[in-house]
Each structure stands twice: as structure tokens, then as C-alpha cells.
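Student:
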Amino acid sequence: VPREPVSGEHLRICEQGKTCCTEEMEQNLEEQSKLEFDRILEENIDSLRKTFTTRTQKFHDFFIELLENSKKDFHEMFMKTYGVMYEQNAYIFKDLFDQLEKYYLHGNINLVDSMEDFFTILYQKMFKVFNAQYTFDNKYLLCVSEYMDELQPFGDVPRKLSLQVKRAFVASRVFIRSLATGRDVIKNMISVPASANCTKALMKMNYCPQCLGFLNLKPCSTYCLNVMKGCLAPHADLDKEWNNYVDALLLLAERLEGPFNIESVVEPIDIKISDAIMNFQESGIVLRDKVFEGCGQPRLGRRDVSHELNFDTLKFGRGGGANVPRPTTAAGTSLDRLVRDIRSKIKTS
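Residue -13 is where the sequence shown starts when you use our numbering, and the numbers rise one by one after that.
Shown next as C-alpha cells:
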């Protein structure tokens, strides 16, 4: 720092009169202005980034744990209720849960088709079990499947469950992907550097008075606001779209708390599928007669009593899982509490 004011001809930003700043000092103070602005901006935006980052991860953890809990409870209930019949065909139900998880993680799966395939395969398996004294080849089973829409062996469970699954899973996947998008936008905004014009304006406002010897001189509010408007112009351009994004996210959050609630679909899925099986059992004889009429009488197979499954001995019963403990709340929370927390955080963003 010069002991006495010097000529300011070397200055690029501050007034070129008598000055206390050398060329090197001006350059350093300009860089200091940029660093201070970037730091303060990051501090203010980073709390919002952390909010979106933690809530995105929390929702993901909740969803994965909810599926795992439901899969575990499904297995336990069906082992208790259907025993050997379930154990021999457990892969059908495992494949269903795998499809649901794959959709959530990757999205390249048609949920309606997956549910239709599941119930078609389940229908064929149930038909074989119910008519275990007969032998069915693949051609005959295809014929059996052709009567599924007409006979509705599972009642309206497949239609209702497919609709609920599609609605809830699509909404949940859109919600978490939207949270992740907001998180990434905020990360990108933090990394937007101050422009050259912004840096010069900050330098003039904060440090040029010091070069003139006014160490404690503060800028007036109007001047400061104008400089900030210029520096935050890239962020201000995003304001309208960000508000639209937040409004859409809040609307989706409301749906997740109501008709699109993934918890209300995934947790009782074992009961709903069990109800479908009960519907089949109740109309099994009528179904058999109509299929035999349309597809022909199958040939009797050699009875193997040691491996034969008998519907009468299975522990069927509508609502048979009512006394089975429901899954523990996933990820230490519930969907309603999680969504309410997210809504309260993003409303002020």
C-alpha cells in the first residue's frame, strides 16, 4: 500500500485520480470481490441444495424400503396361507415385485402389461392346481388364457389393482425425478460464476471508495440493489420457471397424499392378490366347465398323490392376512409425513 496517494492512471476500474491502490492491489481487490460474492451466493443457495438433496435421498430410501417390506410380508403371509402351492410358484410373485422395482429405478417398463402378464400366469397356474387330475400342455393353457377376459376369474381385482399400481408408481417416480431435477438445477446455479461486469460493479461498490481513502464508506441501498440485480440476472431469469416448477411439485405432492398414495397400494398388495385367488376359488367349478366347453376336455393324468395339491387342505380364507403385522414404517417415516416435510421445505424456495 503506498504511503501517499499516487496517480491512478494505471487503474482499470476505479477512478484514475489520486489513489491509494496500485495496479496489483486493484486486481487483487477485484478478485476478492468475486470470491466474496461467490461465497455469499453459495452459502445462501447451499441450504436449499441440501434440502433437495436430503429429501430426494429420503424419498428414494423410503420407496425402496417400502417395496422390500411389502415383499417380505407378502412372502410370509402367502407361505402361511397357501403353503406348498405358493412355495412352488413363488417366482411368479417375485417377478412382479422385480418389475415394480425396475419401473421405479429405470422407467422402461409398461406397468399395465406387467400386471396383465402377472395375472395371466397366475390364472394358468391356479387353473392347473384346481384341476390337478388333468394334464395340460402349453397349447391348452393358451386356450385357457383366451377366456380370461370373458370369465374374469379374479373378479375386478386385476383391473382395480393395475389402475392403482400404475397411478401410484408413475406419480411416485415423477415426484422423485422432479426432486432430483430441482437438486441438479440448484447445483448448477451455485456453479454459475459472476460475470466480468458483475465483478467490476462489485469492485466499484465495495473497494473503489477505499482506494480513495474512504475506508468505512458503505454504499446506499439503491446502489447496492442495482448492483445485485445485475449480478443475479442469470438467477432472476430462472425465477418464473422455478416458481412454476415448485407449484407443479406441490400439486403432485398433494396427489401423493391422496389418491396416488404409494403406501396404500404397496402395503396391502398381498391382501389384494389373496382376494383375487379367493375369487378364483369361489368360481373354480364354473370356470372349469366353461373352459372345458370352449377348449375341449383335457386328458386325465396319472395321479401322484404325494405331490398333489388339494384346495380343500390349503389354508384359504378371504382376508387371511388380516392378523399378519403390516410392514414397519419404511425408512423411519410414513409417506404422509415425508411428503408434508418436503412440501413445507419447498414452499419457501
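Think of the CB as a built atom: it goes at the ideal place given N, C-alpha and C, for glycine as much as any other residue.
Count the other CB atoms within 10 Å of the CB of V98; is the residue buried (16 or more) or exposed (fewer)?
Tutor: Reading the sequence shown from its first residue, position 112 is the one you call residue 98. Classification for V98: exposed.
Student: Skipping 5 residues on each side, what residues in its chain have a beta carbon closer than 8 angstroms to that of K173?
Tutor: In the sequence shown, the residue the question calls residue 173 occupies position 187. Hits under 8 angstroms: R35.
Student: Identify the continuous alpha helix (DSSP H) that holds D24 and give its terminal residues.
Tutor: Residue 24 sits at position 38 when you count from the first residue of the sequence shown. Residues 9 to 74.
Student: Shortest alpha-carbon distance to F266 belongs to which of E(-5), K146, V115?
Tutor: Position 280 of the sequence shown, counting from 1, holds the residue named residue 266. Nearest C-alpha to F266: V115.
Student: From the DSSP output, in three-state form, read off L286 for me.
Tutor: Start at 1 with the first residue of the sequence shown, and residue 286 comes out as number 300. Of the three classes helix, strand and coil, the one that applies to L286 here is strand, per DSSP.
Student: Does DSSP classify D322 as helix, strand or coil?
Tutor: Within the sequence shown, residue 322 is the residue found at index 336, counting from 1. It is helical.
Student: Starting from Y193, follow its DSSP beta bridges and name the residues at the other end.
Tutor: Your numbering for residue 193 matches position 207 in the sequence shown. Beta-bridge pairing links Y193 to no other residue.
Student: Assign L321 to buried or exposed, taking buried as 16 or more other Cβ atoms, counted over all protein chains shown, within 10 Å of its Cβ.
Tutor: Residue 321 sits at position 335 when you count from the first residue of the sequence shown. Answer is buried; the Cβ neighbour count reaches 16.
Student: Excluding five sequence neighbours on each side, which residues of the same chain lie with their C-beta closer than 6 angstroms to the C-beta of H(-4)?
Tutor: Here residue -4 corresponds to residue number 10 of the sequence shown, with the count starting at 1. The residues are E9.
Student: Can you tell me the Cβ-Cβ gap for C6 and C197, rounded? I've got them flagged as a contact below 8 angstroms.
Tutor: Here residue 6 refers to the residue found at position 20 when the sequence shown is read from its first residue. Here residue 197 refers to the residue found at position 211 when the sequence shown is read from its first residue. Sure, about 5 angstroms apart at Cβ, within 8 angstroms.
Student: Classify F200 as buried or exposed, calling it buried when 16 or more other Cβ atoms lie within 10 Å of its own Cβ.
Tutor: Counted from its first residue, the sequence shown places residue 200 at position 214. Classification for F200: exposed.
Student: Please confirm whether R241 and A157 have their CB atoms less than 7 angstroms apart.
Tutor: Your numbering for residue 241 matches position 255 in the sequence shown. Your numbering for residue 157 matches position 171 in the sequence shown. The answer is yes: Cβ separation under 7 angstroms.
Student: In this structure, does DSSP put T334 in helix, strand or coil?
Tutor: On the sequence shown, position 348 is the one that residue 334 refers to. Three-state result, T334: coil.
Student: Quick one: grab the DSSP three-state call for S(-7).
Tutor: Translated into positions along the sequence shown, residue -7 becomes position 7. Here S(-7) sits in strand by DSSP.
Student: What is the DSSP secondary structure of K111, counted as helix, strand or coil?
Tutor: As a working note, residue 111 is residue 125 in the sequence shown. Correct three-state label for K111: helix.
Student: In the structure shown, what three-state DSSP assignment does K204 receive?
Tutor: Here residue 204 is taken as the residue at index 218 of the sequence shown, counted from 1. K204: coil per DSSP, three-state reduction.
Student: For S292, count neighbouring Cβ atoms within 10 angstroms of its own Cβ and tell me buried if that reaches 16, exposed if not.
Tutor: In the sequence shown, counting from the first residue as 1, residue 292 sits at position 306. Residue placement at S292 is flagged as unreliable, the pLDDT there being 43, under the threshold of 50; a coordinate-derived value is accordingly withheld.
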